[in-house]
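The structure appears right after this line, and notes come after that.
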Amino acid sequence: MNQKPIYPYPAAYARENGELEQYRESLKALADCKCAIDDAIRNNWDGMNFAKDSAKGVLKQFGPERVAFILAYTVHERNIDNRFSGHNASWAKTVPLYGMASDRESCTLESHPAKVDLFIDLVRRDLQELEQQKSASRRKPSVKHRKETVKMDKTPIYKESFEYAYNHGEEEQHRASNHANIACKKAIETAIASHYHDNRLDTQAAVQEVVKQFGYERMFYVLANTVQTQGTDGRVSQANKKWAQTIPIVFERGKRDTSYLITQTHPGLLDMFVSSARHEFLLKQPLKAADIKAEAEHIL
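Numbering follows the working numbering, with no gaps: position 258 of the sequence shown is 265.
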């Protein structure tokens, strides 16, 4: 598997910073991945559909990140007349394209959009199964794992756009923060799935699992980014909607960064998680004089 990360910056940045070799290697790997996906679509199409394991080969060869990038990039470039299903178009918006769509022409799949759409369904199903396997493994940790201490990701939240970061030489801080946001989003989805049993969510355990990994600030930032998009969803409480609006979220070129939107969790469960997270956070704050007085009056 080609495990090198996708080079996230445009050619101009790579040229200015002496990283053209990394840029070219990454672009070549993406182009190779694109060709492999086109081949997989062509070779596994039976005239009506694909075999269940048609996507496993390219996922194994190029890895989930690169395959998802090619598929999402193609949707981004070719969905002018809504050729792709709504659920796949929404999914594509959650895949980081790093804002560099303009210089990745060699990454657009040539296969018919209808076939690409069905292939995306296969890839997403395979990725979901992989995530479920990882989740099951985390739910049944070995004795060795139970003794390990989770190391918190203390990457600072970068509160400016990529354009600002590029102009001020802070691209690495922006990239690190974005990766941490995405990791936190996945941790929230995993924690909720792991602690939901018999129609009951252990919100306290789920919240603490994420807090230990990312702390309250990043968890709240990622949660607020998602809740701010749920203004018309009746499954999310007004209290949590109002709370989310108090947290400033950075937009990229006037648009919300969808790469760390929480999309794999039911809104009702997410609302329970947010309420519990806010409650747990308040319990850890020192009492003010007014709070102590109010509590004393309540007791007396």
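Note that CB positions come from ideal geometry on N, CA and C, so glycine has one too.
All values derive from a computational prediction rather than experimental measurement.
- Query: Nearest to D53 by alpha carbon, out of R131, F126, Y173?
  - Reply: Numbered from 1 along the sequence shown, position 46 holds the residue referred to as residue 53. The residue with the shortest Cα to Cα distance from D53 is F126.
- Message: Suppose the cutoff is 6 Å on Cβ atoms and the five residues either side in sequence are ignored; what does the same chain contact list for S2 look like?
- Response: No statement about residue 2 is possible, as the shown extent of the chain runs from 8 to 307 and does not include it.
- Beta carbon of A62, beta carbon of V130: below 8 Å? For the purposes of this step, residue 62 is taken as residue 55 along the sequence shown, with counting starting at 1. For the purposes of this step, residue 130 is taken as residue 123 along the sequence shown, with counting starting at 1. Yes, they are a contact pair.
- Query: Could you give the distance in angstroms between the alpha-carbon of K154 and the alpha-carbon of Y16?
  - Reply: Taking the first residue of the sequence shown as 1, we reach residue 154 at position 147. Taking the first residue of the sequence shown as 1, we reach residue 16 at position 9. Residue confidence for K154 is low, a pLDDT of 46 falling below 50, so the modelled location carries little weight and cannot support an answer.
- Residues near T115 in its chain [Cβ-Cβ closer than 6 Å; skip 5 each side]: The residue given as residue 115 occupies position 108 in the sequence shown. Same-chain partners within the cutoff: T81, E84.
- Message: Closer than 8 Å is the cut-off here; do at least three beta carbon pairs connect the stretch 226 to 243 with the stretch 276 to 293?
- Response: yes
- Task: Under 8 Å by Cβ, that's how I've got M226 and C191 pegged, so tell me the actual separation to the nearest angstrom.
- Result: Here residue 226 refers to the residue found at position 219 of the sequence shown. Here residue 191 refers to the residue found at position 184 of the sequence shown. That pair is a contact at about 6 Å.
- Message: Nearest by alpha-carbon distance to L208: which of I199, K262, Q215 is it?
- Response: Translated into the one-based positions of the sequence shown, residue 208 becomes position 201. Minimum Cα distance to L208 is reached at I199.
- Query: Who are E259's beta bridge partners in DSSP?
  - Reply: Locating residue 259 in the sequence shown gives position 252, counting from the first residue. In DSSP, E259 forms a bridge with K262.
- Collapsed DSSP secondary structure at F57 in the structure displayed: Indexing the sequence shown from 1 puts residue 57 at position 50. Three-state DSSP puts F57 in a strand.
- Task: Within 10 angstroms of the Cβ of S266, are there 16 or more other Cβ atoms? Answer buried if so, exposed if not.
- Result: Walking along the sequence shown from the start, residue 266 turns up at place 259. Classification for S266: buried.
- Message: My output table needs one value for S149: the three-state DSSP class, helix, strand or coil.
- Response: Residue 149 sits at position 142 when you count from the first residue of the sequence shown. Its pLDDT being 48, under 50, S149 is placed unreliably in this model, and the value from its coordinates should be taken loosely. Here S149 sits in coil by DSSP.
- Message: Suppose you measure from the CA of K151 to the CA of I87; what does that come to, to the nearest Å?
- Response: Mapped onto the sequence shown, residue 151 falls at position 144. Mapped onto the sequence shown, residue 87 falls at position 80. In this prediction, K151 has a pLDDT of 49, which is less than 50 and means its spatial position is unreliable; what the coordinates show is noted afterwards. So the alpha carbons of these two residues sit roughly 51 Å apart.
- Message: The alpha helix (DSSP H) that contains G25, what's its start and end?
- Response: The sequence position of residue 25 within the sequence shown is 18, counting from 1. No alpha helix (DSSP H) holds G25; DSSP gives it neither H nor E.
- Query: From L66 to Y20, what does the alpha carbon distance come to, in whole angstroms?
  - Reply: Residue 66 sits at position 59 when you count from the first residue of the sequence shown. Residue 20 sits at position 13 when you count from the first residue of the sequence shown. Each residue's Cα considered, the two are about 29 Å apart.
- Tell whether a beta-carbon distance below 8 Å holds between E178 and V257. Locating residue 178 in the sequence shown gives position 171, where the first residue counts as 1. Locating residue 257 in the sequence shown gives position 250, where the first residue counts as 1. No. Outside cutoff.
- With 16 as the cutoff for other CB atoms within 10 Å, does Y228 come out buried or exposed? Counting from 1 along the sequence shown, the entry for residue 228 is found at position 221. Buried is the call here.
- Query: Where does the unbroken alpha helix (DSSP H) through R225 begin, and where does it stop?
  - Reply: Position 218 of the sequence shown, counted from the first residue, corresponds to residue 225. Unbroken alpha helix (DSSP H) run through R225: 210 to 234.
- Query: By a C-beta neighbour count over all protein chains shown, 10 Å radius and 16 as the cutoff for buried, is A297 buried or exposed?
  - Reply: In the sequence shown, residue 297 corresponds to position 290, counting from 1. A297 comes out exposed.
- Do the CB positions of V214 and E287 come within less than 8 Å of each other? As a first step, residue 214 must be located in the sequence shown, where it is residue number 207. As a first step, residue 287 must be located in the sequence shown, where it is residue number 280. Yes; because the gap between Cβ atoms is below 8 Å, this pair is in contact.
- Message: Considering only DSSP beta bridges, list what H204 is partnered with.
- Response: Residue 204 sits at position 197 when you count from the first residue of the sequence shown. According to DSSP, H204 bridges with R207.
- Same chain only: Cβ atoms within 6 Å of P71, ignoring 5 sequence neighbours per side: In the sequence shown, the residue the question calls residue 71 occupies position 64. If we look at P71 and ignore the five residues flanking it on each side, its Cβ neighbours are L134.
- Message: Suppose contacts are defined by Cβ-Cβ distances below 8 Å. Is N247 in contact with S283 by that definition?
- Response: Taking the sequence shown and counting its residues from 1, the one referred to as residue 247 is at position 240. Taking the sequence shown and counting its residues from 1, the one referred to as residue 283 is at position 276. Cβ distance not < 8 Å, so N247 and S283 don't count as in contact.
- Item | Beta bridge counterpart(s) of W52 as assigned by DSSP | Walking along the sequence shown from the start, residue 52 turns up at place 45. Note: W52 sits in a beta bridge opposite F57.
- Task: Assign N50 to buried or exposed, taking buried as 16 or more other Cβ atoms, counted over all protein chains shown, within 10 Å of its Cβ.
- Result: As a first step, residue 50 must be located in the sequence shown, where it is residue number 43. Looking at its Cβ environment, which holds fewer than 16 other Cβ atoms inside 10 Å, N50 is exposed.
- Query: Near K171, which residues of its chain fall below 7 Å by C-beta distance, leaving aside the five closest residues on each side in sequence?
  - Reply: Here the question's residue 171 lines up with position 164 in the sequence shown. The question names Lys, but residue 171 is Tyr in the sequence shown. Once the five neighbours on either side are set aside, Y171 has no close Cβ partner at all.
- Reference N188, options Y165, E216, T210, closest by Cα: The residue you call residue 188 lines up with position 181 of the sequence shown. Checked all of Y165, E216, T210; the closest Cα to N188 is Y165.
- Helix or strand or just coil, what does DSSP make of S92? Walking along the sequence shown from the start, residue 92 turns up at place 85. In the structure shown, S92 sits in coil (DSSP, three-state: anything other than H, G, I, E or B).
- Query: Out of D124, T197, F169, which has the shortest C-alpha to C-alpha gap to K262?
  - Reply: Residue 262 sits at position 255 when you count from the first residue of the sequence shown. Closest by alpha carbon: F169.
- Item | Secondary structure of G275, DSSP reduced to three states | On the sequence shown, residue 275 is found 268 positions in, with the first residue counted as 1. G275 falls in the helix class under three-state DSSP.
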